[in-house]
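Counting from 38, one number per residue, gives the positions in the sequence shown under the numbering used here.
Step one of this worksheet: look at the structure below.
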Amino acid sequence: MKTTVIGLGLIGGSFALSLKDKGLSECVMGIERSEQSARRALDLGLVDRIATLDEALAESDLIVLATPVDTIPVMAVKLLNRIRPDQIVMDMGSTKQELCEVTALHPNRGRLVATHPMWGTENSGPEAAEHGAFAGRTVVICDSERSDADALAAVERIYRTLGMPIRYMSAEEQDTHCAYVSHISHITSFALALTVLEKEREEEHIFDLAGGGFESTVRLAKSLPQTWAPIFLGNKYNVLDVLREHIHQLQILRRMIERDDRQGLIDAMSKANRIREILK
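Put into structure tokens, the structure is as follows:
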């Protein structure tokens, strides 16, 4: 199998490495908008060579979209317009409704497999790519019934070879659940970092006094804004829904503190501790 990965940052670069490490592709080509990033990806051995889109369409069995989520739907349509009946297109974006809606009636929709591997770090660019990044991480495949059986089976085989449990959801379900377990974590981290930067003007105090809890909570605020702004806006209504609930919970805790409600705080935090049973 020959593969082209479009977008050689954290996700695309790590996926390209995984394909090479597992021997899943005899040739991994890359397409990257930034010439500097393309050279860096080649130097780091993420891909075997840098290709053009025409070369990818002529030579690839599988084309992987790992670009920012706001670019994926249009790019997917362009690829579906030009692919052969034996080629497969898959994406790795974290939002799915727009992609699945704009491709729903495309005559080549069956050649698309919409996926979201549930892995990432706060780092970006080709340098952020990691070996073995996806092992043990869940991948969501959306609207799988719309994909051709052979295309779906090929993508499933790749993910299983990488050691990834597969979950199947509709695009709507995926975007809703990701707002609650992924997107809210990032927006909360950005908000906390902004709060501390606004209130604590002495940067050396932040550096000297920050404990492990603060560092782990704001780690995601180091994530690339150009990646996350399109995700928040692309999943706007789900993100707004979870934000309303999050703000409501913060207001409850604030009122308890204002009233010196020790038992209320203990009860609320004990309830929150139940997350320990889920995330063992």
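Positions of the beta carbon are idealized from the N, C-alpha and C atoms, including for glycine.
As the structure is a prediction and not an experimental result, all values here were calculated from the model.
For residue i, which three-state DSSP category applies?
i	result
Met38	coil
Ala53	helix
Leu229	helix
Met66	strand
Leu61	coil
Leu234	helix
One question on the structure: do residue i and residue j come within less than 8 Å of each other, judged by their Cβ atoms?
i	j	result
Ala113	Leu149	yes
Ser222	Leu257	yes
Leu47	Leu83	no
Val65	Thr104	no
Leu142	Pro110	no
Ile224	Ile203	no
Ala230	Pro163	no
Ile68	Ala88	yes
In chain order, what residues of the same chain lie with their CB nearer than 8 Å to the CB of residue i, ignoring the 5 residues before and after it?
i	result
Leu302	Leu290, Met293 and Ile294
Ser55	Leu61, His168, Gly169, Ala170, Phe171 and Leu199
What whole-angstrom Cβ distance do residue i and residue j have, given they're in contact under 8 Å?
i	j	result
Val106	Thr132	5 Å
Leu99	Met127	7 Å
Val176	Met201	5 Å
Val255	Ser226	5 Å
Asn272	Ala216	6 Å
Give me, in chain order, the residues of the same chain whose beta-carbon lies closer than 6 Å to that of residue i; leave out the 5 immediate sequence neighbours on both sides.
i	result
Asp85	Cys64 and Val65
Ser161	Gly46, Leu47 and Leu261
Can you give me the Cβ contacts of residue i inside the same chain, cut-off strictly under 7 Å, excluding the 5 residues immediately before and after it?
i	result
Gly173	Gly200
Glu235	none
Ser184	Gly147, Leu149 and Val150
Entirely enclosed beta strand (DSSP E) segments - the region 154-222, minimum 3 residues:
176-179 and 203-206
Segments assigned beta strand (DSSP E), at least 3 residues, entirely inside the region 75-126
Unbroken beta strand (DSSP E) stretches of 3 residues or longer found wholly inside the region 75-126: 99-102, given in chain order.
In chain order, each alpha helix (DSSP H) run of at least 4 residues that lies wholly inside the region 243-294:
Here the runs fully enclosed are 249-255 and 262-271.
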